[in-house]
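Asker:
In my numbering, the protein residues as written are 6 to 487.
1. Name the two residues that bound the continuous beta strand (DSSP E) containing residue 235.
2. In the DSSP output, which residue or residues are listed as bridge partners for residue 162?
3. Could you check whether the stretch 287 to 298 touches the stretch 247 to 264, counting it as contact only if at least three pairs of C-beta atoms, one from each stretch, sit closer than 8 Å?
4. Does the Cβ of residue 58 have 16 or more other Cβ atoms within 10 Å, making it buried, or fewer, making it exposed?
5. Quick check on DSSP: helix, strand or coil for residue 38?
6. In chain order, which alpha helix (DSSP H) runs of at least 4 residues are fully inside the stretch 287 to 356?
7. At the level of alpha carbons, what is the spacing between residue 151 and residue 339?
8. Just how far apart, CA to CA, sit residue 390 and residue 166?
9. Report buried or exposed for residue 484, applying the criterion of at least 16 other Cβ atoms within 10 angstroms of its Cβ.
10. Specify, as a first and last residue, the run of the alpha helix (DSSP H) that residue 196 falls within.
11. Taking 8 Å as the limit between beta carbons, can you name the residues of its chain near residue 444, skipping five residues before and five after?
12. Where residue 477 and residue 215 are concerned, what is the direct C-alpha to C-alpha distance, given to the nearest angstrom?
13. Exposed or buried, residue 160, counting other C-beta atoms within 10 Å across all chains shown (16 or more means buried)?
14. Quick one: what's got a C-beta closer than 7 Å to residue 408's C-beta in the same chain, skipping five residues either side?
15. Do you know how far the Cα of residue 170 is from the Cα of residue 212?
16. Using only the alpha-carbon positions, how far apart do residue 89 and residue 300 sit?
17. If I measure Cβ to Cβ from residue 142 and keep anything under 7 Å in the same chain, skipping five residues before and after, which residues do I get?
18. Thinking just about the alpha-carbon of each residue, which of 302, 243, 323, 347 is nearest to the one in residue 279?
19. What three-state label does DSSP hand residue 376 in the structure shown?
20. Given a threshold of 16 other Cβ atoms within 10 Å of its Cβ, counted over all protein chains shown, does residue 261 qualify as buried or as exposed?
21. For residue 484, does the three-state DSSP call read helix, strand or coil?
22. Start and end of the beta strand (DSSP E) containing residue 265?
23. Looking at the unbroken alpha helix (DSSP H) that takes in residue 405, where does it start and where does it end?
24. Since I believe residue 324 is in contact with residue 333 (beta carbons under 8 Å), could you give me their beta-carbon distance rounded to a whole number of angstroms?
25. Between the beta-carbon of residue 430 and the beta-carbon of residue 32, is there less than 8 Å?
26. I believe residue 355 touches residue 424 by the beta-carbon criterion, under 8 Å. Please report the beta-carbon distance rounded to the nearest angstrom.
27. So residue 286 packs on residue 273, CB below 8 Å; how close in whole Å?
28. Closest to residue 382 by C-alpha separation, out of 246, 401, 358, would be which residue?
29. Measure the beta-carbon distance from residue 130 to residue 155 and round it to whole angstroms, keeping in mind my assumption that it falls under 8 Å.
30. Name the one or two DSSP bridge partners that residue 385 has.
31. Here's the rule: buried if 16 or more other CB atoms are within 10 angstroms of the residue's CB, otherwise exposed. What is residue 199?
32. Going by alpha carbons, who is nearest to residue 463 out of 40, 82, 73?
33. For residue 84, does the three-state DSSP call read helix, strand or coil?
34. Please tell me whether residue 108 and residue 128 are closer than 8 Å, where the distance is taken between their beta carbons.
35. List the whole-angstrom C-beta distance separating residue 56 from residue 74, where the pair is believed to meet the contact cut-off of C-beta under 8 Å.
36. Leaving out the 5 sequence neighbours to the left and right, which residues in its chain are closer than 6 Å to residue 196 when beta-carbon positions are compared?
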């Protein structure tokens with residue numbers, strides 16, 4: 006079949022934009038060949054793809070400022086991109102946009118162990134932040150499952166958490182300051198190496214804003230002393246509901262583990278086949294880890310195991326040494342990769358009150374039968390951040406649409422149970438049309454006005470977060486005002 010000829014107007018615009026960008030960036034930092042831009046056509050929500058007009062890979066805040074100023078002048082949308090691990094389509098391009106990737110901005114700029122901070126460029130990967138301070142017995146607490154690959158930029162954009170967020174909090178609890186470039190090229194310093202900045206909490210607005218307000222190029226992060234020790238316990242149950250009730254009782258008892266992770270049978274079976282971690286074949290598995298001195302660990306695990314035994318576990322196994330502890334965590338950390346080997350899946354991240362776990366898990370099981378699609382559950386149970394993995398066949402007509410409809414019902418269920426649409430993956434394109442299910446029109450309008458202030462032309466990360474009809478309307482108003 007003969008391919009359609011490229012639009013001459015688009016080609017001319019692309020050539021002009023590339024010429025201007027090459028005036029401020031090295032030649033290898035501007036990617037314009039179609040075969041090369043396809044590397045940026047999607048993120049980890051691979052069901053949706055769209056090659057960008059161009060991609061750029063700056064190395065400094067000044068280069069980011071130059072790029073944004075040029076795109077602002079040209080009226081070209083910009084999609085910021087960290088490592089592309091977003092599961093919500095947060096870095097999905099539009100055909101007329103420039104992808105601004107921060108992967109080459111990966112330097113450690115400052116470490117201050119006395120004040121427990123590290124300042125990094127935001128293209129640096131999550132795990133390598135801890136790697137930069139581990140010799141001094143420090144670490145960076147947020148630990149998403151993708152921490153080997155995901156960038157600090159994306160962690161800030163989506164307010165990422167991880168297995169240990171129950172005790173240490175998510176990104177916003179460990180972020181002290183940022184350098185952010187706004188769409189017109191203005192560079193702003195917000196927060197810094199101190200406990201709290203005066204005035205409005207702009208840092209709280211930026212963390213979790215999904216690239217809607219600016220491009221964060223540098224971040225000052227809190228680092229912590231490594232604990233004296235840590236020990237996990239593995240607990241198996243014969244139903245999801247009983248495991249959920251156990252989690253609820255642990256939290257109600259006032260015990261604060263560093264992590265409580267949940268896996269159901271489909272996930273257990275996939276992880277065991279993939280990682281061979283020695284998991285029991287039961288209906289639900291909890292991994293609960295505590296840390297501190299040996300006395301603290303023994304005391305906390307004593308309380309936890311007492312609660313766990315009251316729910317009649319089919320297996321209760323406490324790690325006896327570091328090797329056994331690593332094996333307990335091995336399967337959980339391998340969960341998403343293990344599931345990907347056996348099925349296409351969509352991973353959600355609705356959040357619910359911990360007390361609602363038994364009810365929500367039961368309803369998800371019922372809805373699974375209604376929609377005819379299996380679900381594997383793996384999530385941060387301690388703070389109610391769920392990760393249902395809906396299994397579908399991308400090659401089967403209609404399966405993706407059924408999966409999306411099922412996912413929407415799960416997320417609505419989370420909101421109705423007193424939770425919210427997203428705990429750490431962000432809204433992206435995945436949940437944008439569900440925003441009115443969580444927020445009133447007035448609530449949404451308040452958020453839109455914040456976007457108006459930071460990005461009046463509505464050029465940053467288009468078609469994300471807000472319902473598409475709303476963003477298109479806002480963009481039309483902005484164009485009419487020019």
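Beta carbons: idealized from backbone N, C-alpha and C, even for Gly. Fair warning: this is a prediction, and the values are worked out from it, not measured in the lab.
Answerer: Looking at the atomic coordinates:
1. 235 to 242
2. Beta-bridge pairing links residue 162 to no other residue.
3. yes
4. buried
5. coil
6. 299 to 314, 327 to 338, 340 to 347
7. 10 Å
8. 9 Å
9. exposed
10. It is not in any alpha helix (DSSP H) - residue 196 instead sits in the beta strand (DSSP E) that spans 192 to 196.
11. 452
12. 18 Å
13. buried
14. 351, 378, 395, 397
15. 16 Å
16. 42 Å
17. 230, 231
18. 347
19. helix
20. exposed
21. helix
22. 264 to 269
23. 404 to 421
24. 6 Å
25. no
26. 6 Å
27. 7 Å
28. 246
29. 7 Å
30. 266, 390
31. exposed
32. 82
33. strand
34. yes
35. About 24 Å separates the two Cβ atoms, so there is no contact after all.
36. 181, 182, 202, 208
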